[in-house]
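Protein chains in written order, with the numbering used here: chain Z, 1 to 503; chain A, 504 to 765.
As structure tokens, this is what we get:
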């Protein structure tokens, strides 16, 4: 079994009131190239910074070779970082930048005195040792002869190399790379990806790499940790994560995907887009599932031979393949193929069983904790909504004084009653008129599901936020500020505790 | 004819200003310094100045007072600027403002206030040099804090992290990253404190109980009686200033000085 060089145990990180890392646990094997992948703000850089020691976890532990280093300052950790914007020292030349860490270093040297007794002394590295090490590090990044150059005269790619040399010259156990290729152009990035991979092989140390570029992650990593919203979504090998995404977020973020709502209709049979398909995943009959189909797993055929039949609505040439969008009934299916089709042509589509990935839907309904207020409205998620409170007590009605009257004639004041609020995925709509709905928030996620979008809106302040998940056919943008509209009759209330507040 | 405004046209007023208010006065001083009362060319003033021990010691005293003032200002200002620049406090500009606000109060009034305080605690006339330096530090401190704060603010925070990441202790990081990168601000602040402390005789007169004479006072007094000697002292001061500016690297036009000046 491989050694765990780094292990995060239930790590939580708050910035002020802002929860950025939400109970994250995982380990990193010694010598592997591991990538933290996710959209911006997912917590990947914060995780890296906690391993480097720049940020300390609010709770939880970070172990290095089994020892707790959670609170150790960065200069006491055997890790070195390649910063996003390099952070080279502008007042030092290339040699001095690379030698910075070596000059801080103290090594134990053993000597023998006249009596033959051994003693050790903590000493600085000699000038010659430093020169040799710097030379070797610069050779590693192909910058031989650049020692005297001022860092401000270097190109972005060269500065990048200096930053890498400055980190690896200290022979760290782990090299941390924070989006190191983000500032380079595409061609340079591709070259550096190969070089970094080669460097990882030669140095044999652990690389922890942070990126939002899924292709980069797939190309370089041994292991990928997909993060979103401060939570680890999936950990696995590039092929594992690509072929078997564990949820729709991962499927949507990594590569292109067709995502549909489906229902399991039998043993290894799933129905979506109005047809039944054979599949390889086992789920209970009647269970609703998310169905993920990669565009390259959809085969085009003649209309009579296809399980699905549809009309080509767009063809885009992508270099190595065509991206063809086919309208199948009300669903859109995206196909990738080296063959092209005419727009408007009617074609058939087939999907092999192993091209169909089923996953348990993360969201089936919205549940909130709410309180009934004076006006017989329900307050939750930072707003108030009209609702029908009579559903709490069968047969009851509201009198003109706004009291709830039970069938027995007893009058109840519901003010302050705690209730469980349930709203279905299809019962919520949003509006850009802030006053139209009961509460407001920002769209944090949009996933296309063939015929509709699944949208998540986050309301409230960071600490007590609530998410609304729902389906809509309208296209919105991430970060749009919207208000949540729920029809009165769609809010399902149940009493939380049986103790009723009586008049 | 169409009137055309080019950038060159815009330069004319400034050129005129420079000629009449900088170059001509300098020439006048130069001419007066090397002439006698009959406007004949003479090295007399030069010889007289350097053969008079009291005049020479005044120059030395002025330089020493200015050096001490500058050093004390730097010792007080650097930690303040450093702490403010690195703190994550939201209201740090308010604190900075508090240090700078005395500058907005009339200078003479401030010096008078200190004089009254010294008088009240019985220091006036007792410790003339201490009082003078105290007053100068009080008056010139903002000129040291502001350029230091500006340069320290501009240092990219990731450089501190890089220094720590590479194994540097806090002290190490300060000596090898913060200090060298803040040098332009130090130079700028030193220049802005050192020069006025050599010449601002209002402070030395009022707080030194008229027992402390600095070069500025000297020049002022000579221009009451002997313009030629006064011009010579002014010229010598100009040379001292020139040398000190050159020593502190104030003539560097390199980008590392950029922004350090207010």
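A virtual CB, placed ideally from N, CA and C, is assigned to each residue, including glycine.
Chain Z contact for residue i (CB, 8 Å cutoff)
i                      : result
residue 670 of chain A : yes
residue 683 of chain A : yes
residue 689 of chain A : no
residue 659 of chain A : yes
residue 763 of chain A : Residue placement at residue 763 of chain A is poorly supported in this model, since its pLDDT is 38, which falls under 50; the coordinates still yield a value, given next. Answer no: the Cβ-Cβ gap between residue 763 of chain A and chain Z never drops below 8 Å.
residue 751 of chain A : no
residue 662 of chain A : yes
residue 519 of chain A : no
residue 665 of chain A : yes
residue 757 of chain A : Only weak support exists for where residue 757 of chain A lies, its pLDDT of 46 falling under 50; the value from the coordinates is given anyway. It does not: the Cβ of residue 757 of chain A has no partner Cβ on chain Z nearer than 8 Å.
residue 680 of chain A : yes
residue 675 of chain A : yes
C-beta neighbour in chain A for residue i, strict 8 Å
i                      : result
residue 562 of chain Z : Because chain Z is modelled from 1 through 503, residue 562 of chain Z falls outside the range shown and cannot be assessed.
residue 503 of chain Z : Residue placement at residue 503 of chain Z is poorly supported in this model, since its pLDDT is 38, which falls under 50; the coordinates still yield a value, given next. No - not a single Cβ of chain A is within 8 Å of the one on residue 503 of chain Z.
residue 207 of chain Z : no
residue 47 of chain Z  : no
residue 101 of chain Z : yes
residue 80 of chain Z  : yes
residue 170 of chain Z : yes
residue 13 of chain Z  : no
residue 85 of chain Z  : yes
residue 67 of chain Z  : no
residue 91 of chain Z  : yes
residue 183 of chain Z : no
residue 122 of chain Z : no
residue 104 of chain Z : yes
residue 165 of chain Z : no
Extent of the continuous alpha helix (DSSP H) to which residue i belongs
i                      : result
residue 737 of chain A : 730-750
residue 707 of chain A : 704-710
residue 614 of chain A : 610-624
residue 565 of chain A : 556-589
residue 248 of chain Z : 248-253
Cβ-Cβ separation, residue j to residue i (assumed contact under 8 Å), whole Å
i                      : j                      : result
residue 347 of chain Z : residue 277 of chain Z : In fact, because the Cβ distance is near 17 Å, the residues do not count as touching under 8 Å.
residue 404 of chain Z : residue 390 of chain Z : 7 Å
residue 770 of chain A : residue 715 of chain A : Outside the displayed span of chain A (504 to 765) sits residue 770 of chain A, for which this structure offers no information.
residue 383 of chain Z : residue 438 of chain Z : 4 Å
residue 151 of chain Z : residue 93 of chain Z  : 7 Å
residue 655 of chain A : residue 685 of chain A : 5 Å
residue 700 of chain A : residue 643 of chain A : 6 Å
residue 722 of chain A : residue 564 of chain A : Not a contact, Cβ separation roughly 14 Å.
residue 250 of chain Z : residue 241 of chain Z : 7 Å
residue 705 of chain A : residue 611 of chain A : 7 Å
N-terminal and C-terminal residue of the beta strand (DSSP E) that residue i is part of
i                      : result
residue 357 of chain Z : 356-359
residue 301 of chain Z : 298-301
residue 442 of chain Z : 439-448
residue 646 of chain A : Counting along the chain, residue 646 of chain A falls outside any beta strand (DSSP E), though it belongs to the alpha helix (DSSP H) covering 631-657.
residue 288 of chain Z : 288-293
residue 402 of chain Z : Neither: residue 402 of chain Z is in no beta strand (DSSP E) and is coded neither H nor E.
residue 116 of chain Z : Note, residue 116 of chain Z: premise wrong, no beta strand (DSSP E); not H, not E.
residue 199 of chain Z : No beta strand (DSSP E) holds residue 199 of chain Z; the alpha helix (DSSP H) holding it covers 186-203.
residue 87 of chain Z  : Where residue 87 of chain Z is concerned, there is no enclosing beta strand (DSSP E), given that its DSSP letter is neither H nor E.
residue 71 of chain Z  : Unbroken run through residue 71 of chain Z: none, as it is neither H nor E.
Residue i vs residue j beta-carbon contact at 8 Å
i                      : j                      : result
residue 37 of chain Z  : residue 214 of chain Z : yes
residue 316 of chain Z : residue 326 of chain Z : no
residue 104 of chain Z : residue 671 of chain A : yes
residue 71 of chain Z  : residue 230 of chain Z : no
residue 261 of chain Z : residue 290 of chain Z : yes
residue 376 of chain Z : residue 301 of chain Z : no
residue 309 of chain Z : residue 386 of chain Z : no
residue 79 of chain Z  : residue 52 of chain Z  : yes
residue 420 of chain Z : residue 496 of chain Z : yes
residue 416 of chain Z : residue 371 of chain Z : yes
residue 168 of chain Z : residue 140 of chain Z : yes
residue 57 of chain Z  : residue 50 of chain Z  : yes
residue 297 of chain Z : residue 352 of chain Z : yes
residue 431 of chain Z : residue 469 of chain Z : no
residue 446 of chain Z : residue 453 of chain Z : yes
Worksheet item: Are the region 588-596 of chain A and the region 617-635 of chain A in contact at 8 Å, needing three or more beta carbon pairs?
Response: no
Worksheet item: Contact between the region 201-221 of chain Z and the region 25-32 of chain Z: three or more CB pairs below 8 Å?
Response: In short, these stretches touch, since the Cβ pair count reaches three.
Item to complete: Would you check if the region 468-475 of chain Z and the region 509-516 of chain A touch, i.e. whether three or more CB-CB distances between them fall below 8 Å?
Response: no
Discussion item. So, does the region 530-541 of chain A touch the region 719-733 of chain A, judging by three or more C-beta pairs under 8 Å?
Written reply: yes
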